[in-house]
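Q: I'd like to ask some things about the structure below.
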Amino acid sequence: MDIKFMKSAYNEATKAFLKDEIPVGCVIVKDGKIIARAHNLRESTQLVTHHAEILAITKANKKLNSWRLDDCDIYVTLEPCPMCFSAIIQARFKNLYFGAYDKKAGACGSIINLSDYKFNHSVNVVGGIMEDDCSKLISEFFKTLRS
Numbered sequence: 176m177d178i179k180f181m182k183s184a185y186n187e188a189t190k191a192f193l194k195d196e197i198p199v200g201c202v203i204v205k206d207g208k209i210i211a212r213a214h215n216l217r218e219s220t221q222l223v224t225h226h227a228e229i230l231a232i233t234k235a236n237k238k239l240n241s242w243r244l245d246d247c248d249i250y251v252t253l254e255p256c257p258m259c260f261s262a263i264i265q266a267r268f269k270n271l272y273f274g275a276y277d278k279k280a281g282a283c284g285s286i287i288n289l290s291d292y293k294f295n296h297s298v299n300v301v302g303g304i305m306e307d308d309c310s311k312l313i314s315e316f317f318k319t320l321r322s
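The working numbering puts the first residue of the sequence shown at 176, with every later residue one more than the last.
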């Protein structure tokens with residue numbers, strides 16, 4: 176785990192915030208280098224699958240010309256939802272690092288822990304990285320949205 180990668184994911188989340196998107200950012204790392212980055216675009220595109228993780232995974236697949244990302248780590252500012260965590264499992268990531276816990280939709284322990292199930296691949300999950308910063312950004316977004 177390298178904090179600089181979570182900071183890069185946080186920068187992506189800030190881009191989402193500025194676009195009136197729920198501020199979630201994601202980076203994918205291979206061999207110590209970021210190979211893909213993305214942020215939420217669901218509101219802008221009106222496509223339900225345009226979560227930061229799905230967009231970054233798609234970019235990494237294209238860059239590596241492979242659906243397998245087993246030599247990669249994924250950093251995301253918010254605990255993945257079931258859709259995104261399922262994609263992370265399917266892509267065969269080695270490690271998932273996330274920031275804030277998502278008490279309403281998190282699939283890595285908050286609502287359900289999909290990593291407890293015996294899929295064909297397991298992902299090492301570490302949460303709570305830069306948790307305060309990531310939580311504050313999301314809270315600020317919803318506070319601004321309500322006012």
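The beta carbon of each residue, even a glycine, is placed where N, CA and C say it ideally should be. Note that the coordinates shown come from a computational prediction; the quantities given were computed from them, not determined experimentally.
Where DSSP assigns a beta bridge to PHE273, which residues make up the other side?
A: Paired residue(s): VAL251.
Q: Going residue by residue through the stretch 285–315, where are the continuous beta strand (DSSP E) segments of at least 3 residues, counting only ones entirely within it?
A: Taking only runs of at least 3 residues, the beta strand (DSSP E) segments lying wholly in the stretch 285–315 are 299–301.
Q: With a cut-off of 8 Å, do at least 3 Cβ pairs link the stretch 304–316 to the stretch 273–288?
A: These segments touch.
Q: Mind reading off the beta-carbon distance from ALA266 to ILE232? Whole number of angstroms is fine, and I expect it under 8 Å.
A: So it is a contact: roughly 6 Å between Cβ atoms.
Q: Can the beta-carbon of THR224 be found closer than 9 Å to that of MET181?
A: No, these two residues do not count as a Cβ contact at 9 Å.
Q: Under a three-way DSSP split, which group does ALA184 fall into?
A: Note: ALA184 maps to helix in three-state DSSP.
Q: Decide yes or no for the touch test of the stretch 282–296 against the stretch 192–205: beta carbon pairs closer than 8 Å, at least 3 of them.
A: Cβ pair count under 8 Å is below three, so no.
Q: Assign MET305 to one of two classes, buried (16 or more other C-beta atoms within 10 Å of its C-beta) or exposed (fewer than that).
A: Looking at its Cβ environment, which holds 16 or more other Cβ atoms inside 10 Å, MET305 is buried.
Q: Can you look up LYS208 in the DSSP assignment and give me helix, strand or coil?
A: Reduced to three states, the DSSP call for LYS208 is strand.
Q: Express the C-alpha separation of GLY281 and ILE327 in angstroms, rounding to a whole number.
A: The question about residue 327 has no answer, for the chain in this structure spans 176 to 322.
Q: Check each candidate in LYS279, GLY207, ALA188 and name the one with the smallest Cα separation from ASP177.
A: ASP177 has its Cα closest to that of GLY207, out of LYS279, GLY207, ALA188.
Q: Can you give me the Cβ contacts of LYS330 inside the same chain, cut-off strictly under 7 Å, excluding the 5 residues immediately before and after it?
A: The chain is shown only over 176 to 322; residue 330 falls outside these bounds and no answer can be derived.
Q: If I measure Cβ to Cβ from LEU253 and keep anything under 6 Å in the same chain, skipping five residues before and after, which residues do I get?
A: Excluding residues within five positions, the ones whose Cβ falls inside 6 Å are VAL199, ALA275, ASP277.
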